[in-house]
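Trainee: Let me give you the structure first, and then I'll get to my questions.
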Amino acid sequence: MNHRIPALVAVLAAVALAGCVSRPTQVSAPPGLSSPASEPLTWVRKDGQSGRANPALADQFAADRADCVRAPGDNAALREAEACMGNRGYALVPASQAAARAAQYRRMAGY
15 MNHRIPALVA VLAAVALAGC VSRPTQVSAP PGLSSPASEP LTWVRKDGQS
65 GRANPALADQ FAADRADCVR APGDNAALRE AEACMGNRGY ALVPASQAAA
115 RAAQYRRMAG Y
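Position 108 of the sequence shown, counting from 1, maps to 122 under this note's numbering, and the rest follow consecutively.
So this is what it looks like as C-alpha cells:
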C-alpha cells in the first residue's frame, strides 16, 4: 500500500495542475494608445530643423519626398520610402511624437 501513495499523489497533482491550464487571451492596447499601424506617420529631419520657417528646407523636403515616396503617401508607402528618405536625412516617426523627436535631434545636433 505504501508504494501506491507516491503514485496516487502524482496523479492527484497532475489532475490539479491540469485545471490550472488556460488558453491565452488577447489583450488590446489601453484606450488612448494607437497601434503603430493605425497612427499617421510623418517625416522629421535628423538634424531637427523644420522647413516651416525655412523655404529652402521645405523645397528640399518636397524634392526628396517626390523622389522617394510613391503615391498615395499612406503609412505603407512611407514605410517603403524609409530607407531612401533616411539616406537623405529624415526619420519616419509617429505624428504624435514628431515634435519631441525633432527636439531630441536638435539637442543631439547642438541647436
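Glycine residues also receive a C-beta, built at the ideal position from the N, C-alpha and C atoms.
Assign A13 to one of two classes, buried (16 or more other C-beta atoms within 10 Å of its C-beta) or exposed (fewer than that).
Mentor: Absent from the model: residue 13. The displayed extent of the chain is 15 to 125, so no value can be given.
Trainee: In terms of DSSP beta bridges, what is V107 paired with?
Mentor: Answer is T56.
Trainee: Take every Cβ of the stretch 79-99, pair it with every Cβ of the stretch 116-123, and state whether three or more of those distances are shorter than 8 Å.
Mentor: Segments in contact, no.
Trainee: Whole-angstrom Cβ separation of L106 and L55, contact assumed at under 8 Å?
Mentor: About 5 Å; that satisfies the 8 Å criterion.
Trainee: Given a threshold of 16 other Cβ atoms within 10 Å of its Cβ, counted over all protein chains shown, does A76 qualify as buried or as exposed?
Mentor: A76 is exposed by the Cβ-count criterion.
Trainee: If you reduce the DSSP assignment to three classes, tell me which class P69 lands in.
Mentor: Three-state result, P69: helix.
Trainee: In whole angstroms, give me the CA-to-CA distance for A116 and K60.
Mentor: Cα-Cα distance, rounded: 7 Å.
Trainee: With a threshold of 16 other CB atoms inside 10 Å of the CB of Y104, please say whether the residue is buried or exposed.
Mentor: Looking at its Cβ environment, which holds 16 or more other Cβ atoms inside 10 Å, Y104 is buried.
Trainee: In angstroms with no decimal places, state the Cα-to-Cα distance between A32 and R84.
Mentor: Unreliable placement is indicated for A32, whose pLDDT of 45 sits below 50; the coordinate value is still reported in the next sentence. Those two C-alpha atoms are separated by around 54 Å.
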